[in-house]
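Chemist: This structure is in structure tokens; I'll ask about it shortly.
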Amino acid sequence: MAYSAEISRGNPSCLAFLIDQSGSMNDPFGAGEGNQKKADGVADAINRLLQNLVIKCAKEEGIRDYFHISVIGYGARVGPAFAGALSGRQLVPISEVGNSPARVEQRNKKVPDGAGGLVDQQVRFPVWFEPIANGGTPMRQALGEAKTIVEGWLNQHPNCFPPIVINITDGESTDGDPLPASEEIRKLKSNDGEVLLFNVHLSSQRAAAVEYPASETGLPDQFAQQLFRMSSALPSYMVDIAKKEGMNVGEGSRGFVFNADMVAVIKFLDIGTRPSALR
Amino acid sequence: MDAHAQAFWLPKSGSTDSEYEDAFFPRRIKRRKGQRLRFAIADGATETSFSGVWARLLVSAFVRRALGFDFAPEQLDPMRTKWERIVHGKSLPWYAEEKLASGAYSSLLGVEFWQEESEGQVKRLWRAAASGDSCLVQVRSDAIVAAFPITESASFTSRPDLLSSLPATNGTSPFIANTEGQWGCDDTFFLMTDAMACWFLKEGEAGGHPWAILRDLDTEAETSFSALIDSLRRECVIKNDDVTLIRIDIHG
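Which chain is which? The protein sequence lines are H and U, in order. In this text, residue positions in the first sequence follow this note's numbering: the first is 150, and each later residue adds one. In this text, residue positions in the second sequence follow this note's numbering: the first is 16, and each later residue adds one.
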């Protein structure tokens with residue numbers, strides 16, 4: 150059965166993130182509510198994804214290397230996009246990612262007070278990426294770069310849980326049609342199944358968030374439709390988990406979200422017993 | 016009444032003994048005598064930290080009778096305080112601190128055996144409570160008499176309901192299953208964490224006699240537990256997980 154390979158330190162998998170750093174990311178996000186720029190939204194999205202991934206792999210003795218991580222930025226240039234000590238690194242074990250954020254901010258988080266209310270709690274928020282907005286959107290080149298990295302990984306780890314590539318963008322490629330390049334990625338496979346390509350579309354459109362749709366009908370623009378077509382269908386085991394989490398998904402749901410985050414995907418990765426009550 | 020109990024355990028392949036997060040009682044081969052005898056097994060969740068500590072606290076509380084069959088919140092609270100005391104107060108990196116905030120989770124299965132006499136008749140009784148997917152199977156005359164709380168191999172998932180070390184999470188209403196039954200002098204009880212229990216039930220469903228294999232473990236017939244688990248893992252018929260088994264033979 151596909152997508153059932155164990156994810157462990159002996160049989161790790163790979164996650165590659167593609168980050169749109171083009172000039173258009175200076176535009177407001179979600180029609181400018183809260184004055185947030187798309188570049189801020191992208192930085193928040195990737196920092197949050199990595200934070201959740203690191204926490205997932207953390208145990209009392211440290212971080213277990215269940216995953217190796219690549220982050221490719223694309224804008225004025227295409228290449229590794231970690232800031233700080235990991236700068237220039239193409240593929241980094243998750244333990245090194247967790248131990249080497251560029252900086253750690255203090256943020257407020259609402260937590261249950263045990264009596265039905267919420268209270269502010271100070272938490273540490275690691276930052277690996279600063280918002281960047283500069284140049285065109287060479288998405289095709291970035292997808293090609295991801296293909297090279299994932300191909301190299303698969304040569305060395307043929308039995309791994311299939312690598313996942315997550316592309317975070319405002320959708321408008323400036324170096325040609327990205328669809329063929331996305332198909333090249335989705336054709337790659339380990340002995341456990343095809344590589345998964347998911348897309349996060351952060352737009353300036355004042356349109357409602359969409360999560361894991363099964364059809365492009367109703368998506369707000371041609372870029373959203375294009376990214377939908379580039380996205381892999383969620384494997385059926387992910388659909389089952391998402392349903393149990395109360396998400397509105399079904400057969401044919403794709404790994405695509407519009408003006409929403411994709412942190413739920415981290416929950417879909419099975420590294421061992423996960424309590425049903427854990428959020 | 017006396018019981019002969021023997022425990023077997025093995026960490027996940029690729030993990031060290033110190034990373035093993037199941038817990039069980041009794042720890043060694045033990046002949047136990049008493050009016051009422053308790054045994055327990057627990058499985059700390061991989062995705063939470065310090066879950067082995069939490070599993071051990073739960074097992075210990077149950078066999079010391081600090082925990083009843085309803086796993087009542089007011090009885091769990093002292094264990095939670097103890098867990099907090101053990102794991103907090105250290106300077107931790109950001110991810111360990113965040114992880115700790117989610118608490119630890121563990122299954123728990125506890126069983127008690129006793130005898131009652133009324134009108135010259137001896138009744139041999141047992142009672143069990145469980146939260147999560149650690150299981151008890153009672154075997155008599157080459158057949159399964161009872162399986163608890165999971166009765167079919169298809170019902171195991173990697174996302175069970177478990178007991179949390181944080182009261183705010185599910186402390187007020189943890190999901191608890193209860194059952195009771197009668198034991199006979201030739202019965203064997205097997206307490207197992209989920210990977211082994213799933214294999215056991217699946218074998219039984221396919222017409223096999225897994226209890227016969229487990230009865231011979233480390234006796235004169237000498238099939239060692241680790242050799243058995245290694246071979247089951249190689250054949251991919253058991254999940255690669257921490258594995259724990261307590262085999263209990265009860266006599267009147």
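Just so you know, even glycine gets a beta-carbon here, dropped at the ideal spot from N, CA and C.
Am I right that U/Ser64 and H/Ala207 are in contact with their C-beta atoms under 8 Å? What's the rounded C-beta distance?
Modeler: The Cβ separation is near 6 Å, so the contact holds.
Chemist: Do U/Ile263 and U/Phe205 have their C-beta atoms closer together than 9 Å?
Modeler: yes
Chemist: Grab me the residues of U/Ala55's own chain with a C-beta within less than 6 Å of its C-beta, minus the 5 sequence neighbours each way, in chain order.
Modeler: Phe40, Val74, Phe77, Val78 and Gly125
Chemist: Tell me the DSSP bridge mates of U/Met207?
Modeler: U/Cys150 and U/Leu260
Chemist: Quick check on U/Ser349: buried or exposed, where buried means 16 or more other Cβ atoms within 10 Å of its Cβ?
Modeler: As displayed, chain U neither begins before 16 nor continues past 267, which places residue 349 of chain U out of reach and without an answer.
Chemist: State buried or exposed for U/Leu82, treating a residue as buried only when at least 16 other CB atoms are found within 10 Å of its CB.
Modeler: U/Leu82 comes out buried.
Chemist: With a threshold of 16 other CB atoms inside 10 Å of the CB of H/Ile217, please say whether the residue is buried or exposed.
Modeler: Correcting the residue identity first, residue 217 of chain H is His in this sequence and not Ile. Buried.
Chemist: Taking the C-alpha atoms as reference points, what is the distance between H/Lys187 and H/Ser173?
Modeler: 8 Å
Chemist: Is the beta carbon of U/Ala144 less than 9 Å from the beta carbon of U/Asp85?
Modeler: yes
Chemist: Counting only beta-carbon atoms, is U/Val74 nearer than 9 Å to chain H?
Modeler: no
Chemist: Are there any heavy atoms of the ligand GTP lying less than 8 Å away from the beta-carbon of U/Ala111, as far as the coordinates show?
Modeler: Of ligands this structure carries none, so the ligand GTP is not represented either.
Chemist: Could you give the residue range of the beta strand (DSSP E) that holds U/Gln21?
Modeler: Asp17 to Leu25
Chemist: Name the chain U residues whose beta carbon is nearer than 8 Å to that of H/Val203?
Modeler: Tyr110
Chemist: Any idea if H/Gln170 is buried or exposed, counting beta-carbon neighbours within 10 angstroms, 16 or more meaning buried?
Modeler: buried
Chemist: Could you please give the first and the last residue of the uninterrupted beta strand (DSSP E) stretch that includes U/Leu123?
Modeler: Tyr120 to Ser133
Chemist: Among U/Ala111, U/Ala20, U/His224 and U/Ile265, which one has its Cα closest to the Cα of U/Lys45?
Modeler: U/Ala20
Chemist: For the region 365 to 395 of chain H, list the alpha helix (DSSP H) runs that are entirely contained and at least 4 residues long, ordered along the chain.
Modeler: 371 to 379 and 385 to 393
Chemist: Could you give the DSSP three-state label for H/Ile281: helix, strand or coil?
Modeler: coil
Chemist: Identify the contact partners of U/Tyr35 in chain H, using a Cβ-Cβ distance below 7 Å as the criterion.
Modeler: The premise fails here: U/Tyr35 is roughly 12 Å from chain H at the closest Cβ pair, so nothing lies under 7 Å.
Chemist: Would you kindly report the start and end of the unbroken alpha helix (DSSP H) that includes U/Thr96?
Modeler: Per DSSP, U/Thr96 belongs to the alpha helix (DSSP H) from Pro88 to Val102.
Chemist: Rounded to a whole number of angstroms, what is the C-alpha to C-alpha distance between U/Gly305 and H/Asp176?
Modeler: Because chain U is modelled from 16 through 267, residue 305 of chain U falls outside the range shown and cannot be assessed.
Chemist: In angstroms with no decimal places, state the Cα-to-Cα distance between H/Gln255 and H/Val276.
Modeler: 11 Å
Chemist: According to DSSP, is H/Ala248 helix, strand or coil?
Modeler: Note that residue 248 of chain H is Asn in the sequence shown, not Ala. Residue state, collapsed to three classes: helix.
Chemist: Using a C-beta cutoff of 9 Å, does H/Pro250 count as contacting chain U?
Modeler: yes
Chemist: Checking 9 Å against the spacing of the C-beta atoms, do U/Ser246 and U/Thr208 come in under that value?
Modeler: no
Chemist: Tell me the DSSP secondary structure of U/Asn185 in three-state form.
Modeler: In this prediction, U/Asn185 has a pLDDT of 48, which is less than 50 and means its spatial position is unreliable; what the coordinates show is noted afterwards. Of the three classes helix, strand and coil, the one that applies to U/Asn185 here is helix, per DSSP.
Chemist: What number of angstroms, rounded off, separates the C-alpha of H/Gly228 from the C-alpha of H/Ala264?
Modeler: 48 Å
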